[in-house]
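If you're matching them up, the sequences are chains A and B in order. Per this note's numbering, the first sequence starts with residue 60, numbered consecutively. Per this note's numbering, the second sequence starts with residue 60, numbered consecutively. Every residue, glycine too, gets a C-beta built ideally from N, C-alpha and C. Computed from a predicted model, the values in this text were never measured in an experiment. Have a look at the structure below before the remarks.
Number of protein chains: 2
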Amino acid sequence: MKLLTKNTDYAVRALVKIAQRAGEPVPASLIAKEERIPYAYLRRLLNDLRDRKVLRSTEGKGGGFVLGRKPEEIFLTDVMEVFQGEVNLTECMFRQKICHNRSTCVLRHKIREIEKKVLGDLEGISIGTLLNETKGQKND
Amino acid sequence: MKLLTKNTDYAVRALVKIAQRAGEPVPASLIAKEERIPYAYLRRLLNDLRDRKVLRSTEGKGGGFVLGRKPEEIFLTDVMEVFQGEVNLTECMFRQKICHNRSTCVLRHKIREIEKKVLGDLEGISIGTLLNETKGQKND
DNA sequence: CAAACTGATACTATATTGGTGTCAGTAAAA
DNA sequence: TTTTACTGACACCAATATAGTATCAGTTTG
Chain A
60 MKLLTKNTDY AVRALVKIAQ RAGEPVPASL IAKEERIPYA YLRRLLNDLR
110 DRKVLRSTEG KGGGFVLGRK PEEIFLTDVM EVFQGEVNLT ECMFRQKICH
160 NRSTCVLRHK IREIEKKVLG DLEGISIGTL LNETKGQKND
Chain B
60 MKLLTKNTDY AVRALVKIAQ RAGEPVPASL IAKEERIPYA YLRRLLNDLR
110 DRKVLRSTEG KGGGFVLGRK PEEIFLTDVM EVFQGEVNLT ECMFRQKICH
160 NRSTCVLRHK IREIEKKVLG DLEGISIGTL LNETKGQKND
């Protein structure tokens, strides 16, 4: 059970870094170095985020990435959606057909409930949250 | 975000089926047919469950599988552990080292909280639960 | 012995995840 | 105007996880 994959993790770290430089374009090279993320891989992640309007980019020397919207408006679920597909619920394996085993329907119903809760929790986390709660806090 | 993988799902369905036949050995062939699970694949799943003492088996004609303990004592987390590895928490990527980015530690802390909640919820579901709540309930 | 089972294990296929490499284009600045 | 530091766009590869197959030996019942 892994809620976040590595690319989501990388992406969040990149976003936080970019957010910290409020407005100033941050090049992928810098993020890669400071966050120890493979450069070429990070490039792709950032491009994906840009495609989804989470980031904006400026080309050429001195270019880089800036946030596409306010940190408080970039949710963890947004990032997860980009890299882990729909942050969404286990669909009933027998959707169309008649569910021929009630027990497993009960299971699926329960799982769905849990997933909904998780989703709610995740939606409470934004890049903004991470930035704010960082101030004056102890390390892991 | 997929809480359950297909093999866990298969396994749970098999367990429920076995539970329903209270005590009588249930052959893999029957489960495979009724639950539409690939026979050879199911065989392996059942063997894994037996290795983990979730099931017990009797060989030979008329043999099959019975529960290794009471339905109420077989938890979803048990099954998940067998097939999806430790139902456990995202570990800090910088465990030993000093966490050099507080924001991501905040993230990890939050994720950990969510995972703990999920774990708690999952622990509330057993084969027994699924059996009981099945009675007289509507389909999906 | 035949039939109906499990035990064990090796193999294959497919999808997902993580990572690399290359080349073209753009903007700043020497 | 050339060099430098960037992004854009892809094609490709490797590792791992997930799902599924195949085979053969051994056990129990009848």
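- Going by DSSP, B:Ser-116 is part of the beta strand (DSSP E) stretching over 114 to 117.
- When C-alpha distances from B:Thr-163 are compared across A:Lys-61, A:Tyr-69, A:Met-60 and A:Leu-62, the shortest belongs to A:Tyr-69.
- Here DSSP, grouped into helix, strand and coil, assigns B:Leu-178 to helix.
- Close to chain A, meaning a Cβ-Cβ distance shorter than 9 Å, is no residue of the stretch 100 to 128 of chain B at all.
- In this structure, the alpha-carbon of B:Arg-167 lies about 43 Å from that of B:Glu-93.
- Against chain B, a Cβ distance below 8 Å from A:Ile-184 picks out Leu-166 and Lys-169.
- Within the stretch 61 to 125 of chain A, the complete beta strand (DSSP E) segments at least 3 residues long are 114 to 117, listed from N- to C-terminus.
- For A:Gly-144, there is no enclosing alpha helix (DSSP H), as DSSP marks it with neither H nor E.
- Annotation for B:Ser-185: Pro-130, Glu-131, Glu-132, Ile-133, Phe-134 and Leu-135 place their beta carbon closer than 8 Å to its own, counting only its chain and skipping 5 residues before and after.
- Between the alpha carbons of A:Leu-114 and A:Ala-87 lies a gap of roughly 12 Å.
- Our two residues, B:Glu-140 and B:Ala-78, have alpha carbons roughly 20 Å apart in a direct line.
- Taken atom to atom, the span from the alpha-carbon of A:Val-75 to that of B:Lys-76 is near 49 Å.
- Residue range 186 to 191 is occupied by the alpha helix (DSSP H) that includes B:Ile-186.
- Around the Cβ of B:Glu-174, a 10 Å sphere holds 16 or more other Cβ atoms; the residue is buried.
- Here B:Leu-101 is near B:Ala-91, since their CB atoms are less than 7 Å apart.
- Neighbours of A:Glu-174 across chain B, judged by C-beta separation under 8 Å: Met-60 and Leu-62.
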